[in-house]
Amino acid sequence: MRLTTPTGLAIRALLSIAILVTVLAVSIAFVGGIIGAALMYFVPKQGKMQLWIAAFSLGIVVMLPIFAWTIQKTIREERRQLLEKTVPITESTLEDAALTEASVRRVAAQFDVPVPDLRIHSTSAPLAYTTYRPEDANIWTKDRHTPVVIISEGLITLLSQEECEAVLAHELAHIANDDLRLVSGLLVPLIAAESLYEEGYPANVFDIVGRILTVIALVGVGVFTRGRELAADRGAVAATGQAETLATALKRLDESKSDKPMTDLRKHARSTNAVNAFPTLGQGSNTFRLLSTHPSIDVRIKQLQSLT
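See the structure below:
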């Protein structure tokens, strides 16, 4: 059962929220408990339970602004990295730049959404993703910020103009479905868990708990995003009518991707700060399928074939 119908997507969202809220609560409680335990060394033995509750509560109060600052800083830094080595499409020297810009305007009109900023990444690797600017609000606000769609020179070189437009339609479907704002909210528990450990240091209790919670958070994110990816594929086809073209584009992109397995949890977590048309990291064996942000290429193509 893929849970990709409207009801299924709602079930996915509720399950994802339940997992991620649990991760966030455990992360805060764990650090609050550590701080509380440390404070207990400096208090008398009398009334120990009451003092423990007070110390635990104080630990949580101390940690909340630290978590908030860390999450805000991390999200903005990751967005900055996603925009590195990109230029506005109007400054690109690629031959197909004008056609690509026209495609974005045409597809945006079909989705009835504002035309996003389109930027070109200089890498030869095929990339297509949507993100916000570092200065934009981190989670939800009344003001809607204009997303930034990034495609790479490698993508434009690899795909035909029609295939490139189909991939852009997938990204615009994410914007129309408000997926970027939703995913931004899902990052909060993930980054909270991730902040508990540090690469390159000897294993300790923070490292062990942080890694376990990060894996659980990634499962929660994946439950949500895999359904949204299939919904974006359907949305792209509904807007353009090009199911076969999108399927062909996905096959080309899948054949060109790296087969290197995902081993770095933090690097994998970084890939969730944007909505991508296809996985940006090798998925490796089926062991990591539960952590994947995207359905398998076979599942996506099977759905697209059913829409022709």
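In the UniProt record's numbering, the protein residues as written are 1 to 308. Just so you know, even glycine gets a beta-carbon here, dropped at the ideal spot from N, CA and C.
- About 6 Å separates the CB atoms of A176 and G235; that is less than 8 Å, so the two are in contact.
- With respect to the 8 Å criterion, V113 and L172 are classified as neighbours on the basis of their beta carbons.
- In the DSSP assignment, T240 falls outside any beta strand (DSSP E) and within the unbroken alpha helix (DSSP H) covering V205 to T240.
- Within the same chain, E162, E165, A166, A169 and A236 come within 8 Å of Q242 by CB-CB distance, once the 5 residues on both sides are set aside.
- If you check the CB distance, V149 and V104 come in under 8 Å.
- Annotation: D178 is outside any beta strand (DSSP E) and is labelled neither H nor E by DSSP.
- A distance of 8 Å or more separates the beta carbons of P147 and Y129.
- Check the Cα spacing between A137 and each of Q72, V62 and Y41: the tightest is with Q72.
- As the crow flies, the alpha-carbon of L155 is around 35 Å from that of L213.
- For P295, the secondary structure class from DSSP, reduced to helix, strand or coil, is coil.
- For T7, the closest of A109, G227 and A249 by C-alpha to C-alpha distance is G227.
- In this structure, I34 is the residue among T74, I151, A109 and I34 with its C-alpha nearest to the C-alpha of V61.
- DSSP places P88 within a strand segment (E or B) once states are collapsed to three.
- A125 and E153 have their C-alpha atoms spaced approximately 8 Å apart.
- Where V148 is concerned, the enclosing beta strand (DSSP E) starts and stops at V148 to S152.
- Only residues of its own chain outside the window of five on either side were considered, and among them F30 and L196 have a CB closer than 7 Å to the CB of V209, listed in chain order.
- Rounded to whole angstroms, the gap between the alpha carbons of R79 and T70 is 14 Å.
- Annotated as distal: I89 and A102, with beta-carbon spacing of 8 Å or more.
- Residue nearest to T248 within the set T308, L64 and I17 is T308 (criterion: CA-CA distance).
- Counting every other CB atom within 10 Å of its CB across the protein chains shown gives T123 a total below 16, marking it as exposed.
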